[in-house]
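Reading through the structure tokens given below for one structure.
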Amino acid sequence: MTDPIRVMVVDDHPMWRTGVARDLAEAGYEVVATTGEGRQAVRIAGATRPDVVVLDLQLPDVSGVEVIHGLRAALPEVKVLMLSASGEQQSVLDAVKAGATGYLVKSAAPDEFLAAVGRAAAGEAVFTPGLAGLVLGEYRRLAAAPAPAAPELTERETEVLRLVAKGLSYKQIAERLGVSHRTVQNHVQNTLGKLQLHNRVELTRYAIEQGLD
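So the sequence shown is numbered by the UniProt record's numbering: it starts at 1 and just counts up by one.
This is the structure we're talking about:
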């Protein structure tokens with residue numbers, strides 16, 4: 001017997017959240033958590049490890065796109081199924097680019113939604129009819145567009161970036177490279193500027209994505 005699919009429901013409307021959770025449980029899914037706040041959702045996901053997160057786009061504390069980034073950072077394998085009142089094109093594309101597996105509007109039929117959760121868990125891209133063509137068209141457009149040139153980092157900046165990704169402090173990096181703490185800070189600031197990133201967390205994520213860790 002296979003384990004039930006573990007689902008977390010994130011929506012700031014209590015009645016809707018409760019109803020969705022009940023429908024999922026009755027359909028045989030294991031609802032491991034429900035919450036109405038994005039930041040809390042990311043924290044809870046790390047502890048409850050859902051297979052699928054059913055996520056509303058509009059949350060009171062942070063945007064759904066930010067929550068997707070947080071969920072994917074905490075649980076890289078998690079599937080995020082957006083369930084939103086908005087079918088606006090930009091909202092759909094923003095969610096998909098952030099890593100959402102699928103996107104349904106809240107007017108979807110209950111059986112369509114329940115089937116979509118199972119399909120999302122299996123790794124399928126699931127979209128409300130009409131939105132799939134939009135997403136496919138955007139991917140084709142991006143695939144045809146020339147890739148932006150990667151920013152050129154110096155050999156030392158790349159070396160510092162690699163050590164940042166390994167979790168070393170600026171002091172440890174300075175000692176390892178035989179330079180001053182200030183020099184390391186300058187390299188990091190220059191690298192942030194070139195990559196258009198804002199902080200050490202984003203820098204670490206970039207380094208890992210580039211295989212520099």
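For every residue, glycine included, the Cβ atom is placed at its ideal position computed from N, Cα and C.
G123: first and last residue of the uninterrupted beta strand (DSSP E) it sits in: Position 123 of the sequence shown, counted from the start, is the residue given in the question as residue 123. G123 -> no beta strand (DSSP E), and no H or E assigned at all.
Alpha carbon of V32 to alpha carbon of M15, nearest angstrom: If you number the sequence shown from 1, residue 32 lands on position 32. If you number the sequence shown from 1, residue 15 lands on position 15. V32 and M15: Cα-Cα distance of roughly 18 angstroms.
Three-state secondary structure (DSSP) of R49: Indexing the sequence shown from 1 puts residue 49 at position 49. In the structure shown, R49 falls within a coil segment according to DSSP collapsed to helix, strand and coil.
Same chain only: Cβ atoms within 8 angstroms of S63, ignoring 5 sequence neighbours per side: Working through the sequence shown from its first residue, we reach residue 63 at position 63. The answer, listed in chain order, is G38, L57.
Same chain, Cβ closer than 6 angstroms to R17, neighbours up to 5 away in sequence not counted: Taking the sequence shown and counting its residues from 1, one reaches residue 17 at position 17. These residues qualify, in order along the chain: V9, D11, T34.
Inter-residue spacing [alpha-carbon to alpha-carbon] between A207 and G70: As a position in the sequence shown, residue 207 is number 207, starting the count at 1. As a position in the sequence shown, residue 70 is number 70, starting the count at 1. Spanning the alpha carbons of A207 and G70 requires a straight line of approximately 17 angstroms.
8 angstroms CB neighbourhood of V164 in its chain, flanking five on each side removed: Position 164 of the sequence shown, counted from the first residue, corresponds to residue 164. Here the set comprises I173, V188, R200, L203, T204, A207.
Identified DSSP bridge partners for L75: The residue labelled residue 75 in the question sits at position 75 within the sequence shown. Per DSSP, L75 has no beta-bridge partner at all.
Extent of the continuous alpha helix (DSSP H) run through G193: As a working mapping, residue 193 is identified with position 193 in the sequence shown. It spans 181 to 195 - the alpha helix (DSSP H) in which G193 sits, taken as one unbroken run.
Separation of R6 from H13, as counted between CA atoms: Sequence index remark: in the sequence shown, residue 13 carries index 13 (1-based). Sequence index remark: in the sequence shown, residue 6 carries index 6 (1-based). Near 21 angstroms, if we compare the C-alpha coordinates of R6 and H13.
Residue closest to S91, alpha-carbon to alpha-carbon, out of F113, I68, A74: Within the sequence shown, the letter at position 91 stands for residue 91. When only C-alpha atoms are compared, the closest one is I68.
Residues near H181 in its chain [Cβ-Cβ closer than 8 angstroms; skip 5 each side]: Within the sequence shown, residue 181 is the residue found at index 181, counting from 1. Cβ neighbours of H181 within its own chain (closer than 8 angstroms, five residues either side excluded): Y170, K171, A174.
Selection from A25, Q40, V78 that minimises the alpha carbon distance to A98: Residue numbering aside, residue 98 sits at position 98 when the sequence shown is read from its first letter. Here the closest residue by C-alpha is V78.
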